[in-house]
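Residue numbers (the working numbering): 659 to 912.
Yeah, the Cβ is synthetic: ideal placement off N, Cα and C, and Gly gets one too.
Because the structure is a prediction, the values reported are computed rather than measured.
Working notes for the structure below.
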DNA sequence: ATGGCTTGAGTGTCAAGA
């Protein structure tokens with residue numbers, strides 16, 4: 659089973675890239691973030707023609723998450739239960755017996771912003787819910803745009819980013835709390851090239867300088883981690899015309 | 001120097017991203 663995540667930064671703009679990537683990589687599951695679409699505008703027909711069913715939790719202009727799958731998505735859940743949030747950042751579904759939880763974690767903007775407090779509260783609510791979800795579903799994958807670089811090796815310039823949003827101790831502690839629920843970072847189960855990132859700023863030729871961060875993650879429950887054969891970041895779509903600023907991350911599970 | 005691009009809104013130029 660190939661399972662992937664990609665922040666597409668507008669599915670309206672990126673649909674051709676997504677269709678090309680699905681055809682080239684043939685993942686069984688692709689989790690999308692930042693669709694920036696209302697459900698009524700979601701391209702269900704185009705994806706169905708490519709062989710993918712989709713479930714979406716969308717809103718106008720901002721956020722929006724989806725799960726694309728070659729087989730049926732069952733037991734679909736939207737948002738974090740019992741957490742009041744107008745922003746559409748979570749969708750969950752069971753695909754081929756695997757519980758898939760797709761998240762678009764708040765960015766946080768800056769440490770002195772209200773959005774940073776919202777991010778930390780959001781992450782605490784996610785962890786509390788995930789604990790229950792893991793108890794119900796031993797085969798679980800939590801994947802998406804976490805907006806957290808877990809470690810300095812996930813940051814192109816750790817000195818510049820020290821104590822900045824995406825890299826603060828509190829965010830990294832929240833990330834480790836998710837791992838402590840019994841999840842493993844699929845990417846770090848394997849030897850990886852140094853300076854591996856999943857996001858590069860559009861400005862200042864970030865991609866050409868490889869001035870990036872690794873903030874998109876696939877976290878696997880213990881049974882799935884034991885069956886994981888590979889995990890990598892595909893930089894190819896970031897090189898296309900009008901790319902997303904994120905690259906897809908994909909894991910393969912036996 | 002708080003910028004730099006990109007997107008969506010909407011037709012001015014701003015908010016938001018990370």
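Do residue 692 and residue 715 have their C-beta atoms within less than 8 Å of each other?
The Cβ-Cβ distance between residue 692 and residue 715 does not fall below 8 Å.
Burial state of residue 729 (16 or more Cβ within 10 Å)
Exposed is the call here.
Whole-Å CB distance - residue 879 paired with residue 824, under 8 Å assumed:
About 25 Å; that fails the 8 Å criterion.
Pick from 697, 813, 688, 837 that is closest to residue 857, judged by C-alpha positions:
Here the closest residue by C-alpha is 813.
Is the beta carbon of residue 828 sitting closer than 8 Å to the one on residue 778?
Cβ distance < 8 Å, so residue 828 and residue 778 count as in contact.
With DSSP collapsed to three states, give me the class of residue 762.
If DSSP states are grouped into helix, strand and coil, residue 762 belongs with the strands.
Straight-line Cα distance separating residue 885 from residue 909
Going by the C-alpha atoms only, they are around 10 Å apart.
For residue 876, which beta-bridge partners are listed by DSSP?
Note: residue 876 is bridge-paired with 801 in the DSSP secondary-structure output.
Backbone CA spacing between residue 724 and residue 871 [nearest angstrom]:
Note on geometry: alpha-carbon atoms of residue 724 and residue 871 lie some 23 Å from one another.
Does the distance from the CB of residue 847 to the CB of residue 793 come in under 8 Å?
In this structure, residue 793 does not lie closer than 8 Å to residue 847 by Cβ.
First and last residue of the alpha helix (DSSP H) that includes residue 789?
Unbroken alpha helix (DSSP H) run through residue 789: 772-794.
First and last residue of the beta strand (DSSP E) that includes residue 694?
For residue 694, no beta strand (DSSP E) segment is defined, and its DSSP state is neither H nor E.
Excluding sequence positions up to five away, which residues of its chain have a Cβ less than 6 Å from the Cβ of residue 780?
The answer, listed in chain order, is 764.
Out of 678, 773, 800, point me to the one whose CA is closest to residue 761's CA.
Of the candidates 678, 773, 800, the residue whose Cα lies closest to the Cα of residue 761 is 800.
Leaving aside the five residues before and after residue 705 along the sequence, list all residues of the same chain whose C-beta is less than 7 Å from its C-beta, in chain order.
Here the set comprises 712, 726.
For my contact list, residue 905 and residue 896 are in at a C-beta cut-off of 8 Å; report their separation, rounded to the angstrom.
In this structure residue 905 touches residue 896 by the C-beta definition: roughly 5 Å separates them, less than 8 Å.
Report yes if the C-beta distance between residue 902 and residue 667 is below 8 Å; otherwise report no.
Cβ atoms of residue 902 and residue 667: closer than 8 Å.
Rounded to whole angstroms, what's the CA-CA distance from residue 737 to residue 788? Just pull it up for me.
Distance from the CA of residue 737 to the CA of residue 788, rounded to the nearest whole angstrom, comes to 12 Å.
Bridge partners - residue 676, DSSP secondary structure assignment
None, per the DSSP bridge assignment.
Alpha-carbon to alpha-carbon, residue 679 and residue 907:
Cα to Cα, residue 907 sits roughly 12 Å from residue 679.
Is it true that the CB of residue 900 sits closer than 8 Å to the CB of residue 671?
Here residue 671 is near residue 900, since their CB atoms are less than 8 Å apart.
Simplified DSSP state of residue 727, which is helix, strand or coil:
Correct three-state label for residue 727: strand.
Can you tell me which of the three DSSP states residue 896 falls into?
In this structure, residue 896 counts as helix in the three-state DSSP scheme.
Is residue 753 closer than 8 Å to residue 731 when the C-beta atoms are compared?
Yes, Cβ-Cβ distance for residue 731 and residue 753 is below 8 Å.
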